[in-house]
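1 is the number of the first residue of the sequence shown in UniProt numbering; add one for each residue after it.
C-beta atoms are modelled at their ideal positions from N, C-alpha and C, and glycine is treated no differently.
Presented below is the structure to which this report refers.
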Amino acid sequence: MNAIHLCIESLLTLLDDSADSTNVKQDRWQQQRSEQIELFVSGVEDTSFLLERLKTAEERAVFLKTLKAEMDDPQSQYTPAQFEVVEKAHKAIARTIESEDLSKLIPEWFIPRFELFIDGWRCLGSGGFGCVYRAKWLGSDVVAKLLGSEGHADLFAPNAQSSQSNFSALLDLSSTRSLMDSTKRGEAIAMFRHEVDIWFGFNHPHVVRLFGACHVGTPFFACEYATNGTLVKYLETHPGELWAKLHEAALGVQYLHARKVVHGDLKGNNIVVGSDMKAKVTDFGLSSIAGNDAKPQVSGAWHWVAPECLPDGIPNAAVKSPTFESDIYSLGMCIVEAMRVVENVERISRYQRDTTLDTFGLQ
Numbered sequence: 001m002n003a004i005h006l007c008i009e010s011l012l013t014l015l016d017d018s019a020d021s022t023n024v025k026q027d028r029w030q031q032q033r034s035e036q037i038e039l040f041v042s043g044v045e046d047t048s049f050l051l052e053r054l055k056t057a058e059e060r061a062v063f064l065k066t067l068k069a070e071m072d073d074p075q076s077q078y079t080p081a082q083f084e085v086v087e088k089a090h091k092a093i094a095r096t097i098e099s100e101d102l103s104k105l106i107p108e109w110f111i112p113r114f115e116l117f118i119d120g121w122r123c124l125g126s127g128g129f130g131c132v133y134r135a136k137w138l139g140s141d142v143v144a145k146l147l148g149s150e151g152h153a154d155l156f157a158p159n160a161q162s163s164q165s166n167f168s169a170l171l172d173l174s175s176t177r178s179l180m181d182s183t184k185r186g187e188a189i190a191m192f193r194h195e196v197d198i199w200f201g202f203n204h205p206h207v208v209r210l211f212g213a214c215h216v217g218t219p220f221f222a223c224e225y226a227t228n229g230t231l232v233k234y235l236e237t238h239p240g241e242l243w244a245k246l247h248e249a250a251l252g253v254q255y256l257h258a259r260k261v262v263h264g265d266l267k268g269n270n271i272v273v274g275s276d277m278k279a280k281v282t283d284f285g286l287s288s289i290a291g292n293d294a295k296p297q298v299s300g301a302w303h304w305v306a307p308e309c310l311p312d313g314i315p316n317a318a319v320k321s322p323t324f325e326s327d328i329y330s331l332g333m334c335i336v337e338a339m340r341v342v343e344n345v346e347r348i349s350r351y352q353r354d355t356t357l358d359t360f361g362l363q
């Protein structure tokens, strides 16, 4: 955070902002920072209140891990008395779960919310599962996928409230901003964890890599950032790579199927091209997690959905879940989509060529 404000100060200097004005802004920021520290310390001082809000052993373990990270590498300047309060809170919570195996409570793939900084101005897209943003995780460029009907990037943005310490956002763990009815949340989180467990174990050049996820608060994934965008956009400038990229995408789908995983939402925008110039499939399983209904979830991208998976218009009629076969149908529609993109590019290229020849009387 200090680095950010130093950059802002340098920018203001370059813009000829007066030193007095810069100092006023710096003083105001320091005052706000001090107020946030005091607010946080007063929040953790009442350990009985903390334990009441952190109801499950898992929530306490996550909070404990984050609290320990702050103690080991403080992101704020505490007075000795304030730091003593933080230490007491850590000990009080640790005593309540000392009989638990923390490694089982905290998944290997868990990413604390404080480690992820989302650029709320750089939304890459949205869908039935939620919103996708550019983000930073431990200094690396990643894609953050926030589950829910709306993206909650404000939870992760490095603003004055959330950046004062590693774990200020964790104070509201039990008052999670639910993405569905509370009665369904337990089932949804269990499904989310199951999907993450599967995805985290994947290692294939044509499947987007998952770096980790968070199931506490607003669930999110942090995965590989495909610097070359979607396959559809890529083919607009690289039409000659049509069949090579489609073959790579098919290899990714084959890898999923070999591991008994149905993608369920294949379409052009769910095939991306990474920094290694390889096509990769992504977003498998997200629609089923976000919906969390007893009924199978059908993608809203009707053109790519197999006919047998489409609702037939009969009220309460059963909808067939996506299958390996319906994935193949959707992949076929991705091929049709990609061919149309390339055909359009070639048509425009021919028109421009013919126009140029006509201009110079060469045709």
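DSSP three-state assignment for residue 365, whether helix, strand or coil: There is no way to answer for residue 365, as the model of the chain reaches only from 1 to 363.
Nearest candidate by alpha-carbon position, reference C309, set V208, L138, G264: The residue given as residue 309 occupies position 309 in the sequence shown. The shortest Cα separation from C309 among V208, L138, G264 belongs to G264.
CB of P107 within 7 Å of CB of T66, strictly: Reading the sequence shown from its first residue, position 107 is the one you call residue 107. Reading the sequence shown from its first residue, position 66 is the one you call residue 66. No, they are not a contact pair.
Exposure of V24, with buried meaning 16 or more beta-carbon neighbours within 10 Å: Position 24 of the sequence shown holds residue 24. Exposed, by the Cβ-count rule.
Distance, I271 Cα to N159 Cα: In the sequence shown, residue 159 corresponds to position 159, counting from 1. In the sequence shown, residue 271 corresponds to position 271, counting from 1. Low confidence applies to N159: its pLDDT is 43, below 50, so where it sits in the model is not reliable, and the reading given next is rough at best. Roughly 33 Å separates the two Cα atoms.
G74 burial status per 10 Å Cβ neighbour count (16 or more: buried): Residue mapping note: residue 74 aligns to position 74 of the sequence shown, counting from 1. Note on residue identity: the sequence assigns Pro, not Gly, to residue 74. Result: exposed.
Close-in-space but distant-in-sequence residues of the same chain around N228 (CB under 6 Å, 5 per side omitted): The count along the sequence shown starts at 1 and reaches residue 228 at position 228. Once the five neighbours on either side are set aside, the close Cβ partners of N228 are Y234, V273.
Rounded straight-line distance, which links the Cα of K136 to that of I118: Numbered from its first residue, the sequence shown carries residue 118 at position 118. Numbered from its first residue, the sequence shown carries residue 136 at position 136. Looking at the two C-alpha atoms, the distance is approximately 6 Å.
With 16 other Cβ atoms within 10 Å as the buried cut-off, status of F49: As a working note, residue 49 is residue 49 in the sequence shown. Exposed.
Reference M339; option with closest CA among M191, E241, I189: The residue given as residue 339 occupies position 339 in the sequence shown. The shortest Cα separation from M339 among M191, E241, I189 belongs to E241.
Span of the alpha helix (DSSP H) around A258: For the purposes of this step, residue 258 is taken as the residue at position 258 of the sequence shown. Start and end: 242–258.
Alpha-carbon to alpha-carbon, E224 and H206: Numbered from 1 along the sequence shown, position 206 holds the residue referred to as residue 206. Numbered from 1 along the sequence shown, position 224 holds the residue referred to as residue 224. Their Cα atoms are separated by approximately 12 Å.
Beta-carbon proximity of I37 to L64, cut-off 7 Å: In the sequence shown, counting from the first residue as 1, residue 37 sits at position 37. In the sequence shown, counting from the first residue as 1, residue 64 sits at position 64. In this structure, L64 does not lie closer than 7 Å to I37 by Cβ.
Residue from V232, I198, L231, E236 with nearest C-alpha to F221: Translated into the one-based positions of the sequence shown, residue 221 becomes position 221. For F221, the nearest C-alpha among the options comes from I198.
Presumed contact (8 Å Cβ cut-off) between I335 and L246, rounded CB distance: One-based indexing of the sequence shown puts residue 335 at position 335. One-based indexing of the sequence shown puts residue 246 at position 246. That pair is a contact at about 6 Å.
From I328, Y133, S34, T237, residue whose alpha carbon lies closest to that of E343: Within the sequence shown, residue 343 is the residue found at index 343, counting from 1. Nearest of I328, Y133, S34, T237 to E343, Cα basis: T237.
DSSP state of W137 mapped onto helix, strand, coil: Mapped onto the sequence shown, residue 137 falls at position 137. Three-state DSSP puts W137 in a strand.
Bridge partner(s) assigned by DSSP for S34: The residue labelled residue 34 in the question sits at position 34 within the sequence shown. Bridge partners of S34: none, in fact.
Proximity below 7 Å, CB of L266 to CB of L331: Here residue 266 is taken as the residue at index 266 of the sequence shown, counted from 1. Here residue 331 is taken as the residue at index 331 of the sequence shown, counted from 1. Yes.
Neighbourhood of H303 by C-beta, 7 Å cutoff - its chain only, sequence neighbours within 5 removed: The residue you call residue 303 lines up with position 303 of the sequence shown. Once the five neighbours on either side are set aside, the close Cβ partners of H303 are M333.
Within 7 Å, strictly: CB atoms of F200 and H215: Here residue 200 is taken as the residue at index 200 of the sequence shown, counted from 1. Here residue 215 is taken as the residue at index 215 of the sequence shown, counted from 1. No, the Cβ-Cβ distance between F200 and H215 is not below 7 Å.
Selected residue, minimal CA-CA separation from E35, among V341, R353, Q82: For the purposes of this step, residue 35 is taken as residue 35 along the sequence shown, with counting starting at 1. Checked all of V341, R353, Q82; the closest Cα to E35 is Q82.
Cut-off 6 Å between Cβ atoms - residues of its own chain near V232, not counting five sequence neighbours on either side: Numbered from its first residue, the sequence shown carries residue 232 at position 232. Result list for V232: G268, V341, in chain order.
Simplified DSSP state of L235, which is helix, strand or coil: For this step, residue 235 is matched to residue 235 along the sequence shown. It is helical.
Coarse secondary structure for C267, derived from DSSP in three states: Counting from one through the sequence shown, the residue named residue 267 turns up at place 267. Checking the sequence shown, residue 267 turns out to be Lys, not Cys. Correct three-state label for K267: coil.
C-beta contact flag for L116 and G130 at 7 Å: Position 116 of the sequence shown holds residue 116. Position 130 of the sequence shown holds residue 130. Their beta carbons are not under 7 Å apart, which means L116 does not touch G130 by this criterion.
Per-residue burial, S326 [other beta carbons within 10 Å of its own, 16 or more giving buried]: Walking along the sequence shown from the start, residue 326 turns up at place 326. The residue is buried, with at least 16 neighbouring Cβ atoms inside 10 Å.
For K91 and K295, the rounded distance between their alpha carbons: As a working mapping, residue 295 is identified with position 295 in the sequence shown. As a working mapping, residue 91 is identified with position 91 in the sequence shown. Below a pLDDT of 50, predicted positions are generally treated as unreliable, and K295, at 48, falls in that range; the measurement from the model is reported next regardless. Their backbone Cα atoms lie some 45 Å apart in a straight line.
Cutoff 7 Å; reference R209; Cβ partners in own chain excluding five residues on either side: Numbered from its first residue, the sequence shown carries residue 209 at position 209. If we look at R209 and ignore the five residues flanking it on each side, its Cβ neighbours are C223, E224.
Whole-Å CB distance - V262 paired with P322, under 8 Å assumed: If you number the sequence shown from 1, residue 262 lands on position 262. If you number the sequence shown from 1, residue 322 lands on position 322. Contact flag correct, Cβ pair sits at about 5 Å.
Cβ pair A249, A279 closer than 7 Å: Here the question's residue 249 lines up with position 249 in the sequence shown. Here the question's residue 279 lines up with position 279 in the sequence shown. Contact flag set, yes.
C-alpha distance - W243 paired with A57, whole-angstrom precision: Residue 243 sits at position 243 when you count from the first residue of the sequence shown. Residue 57 sits at position 57 when you count from the first residue of the sequence shown. Between W243 and A57, the C-alpha separation is close to 51 Å.
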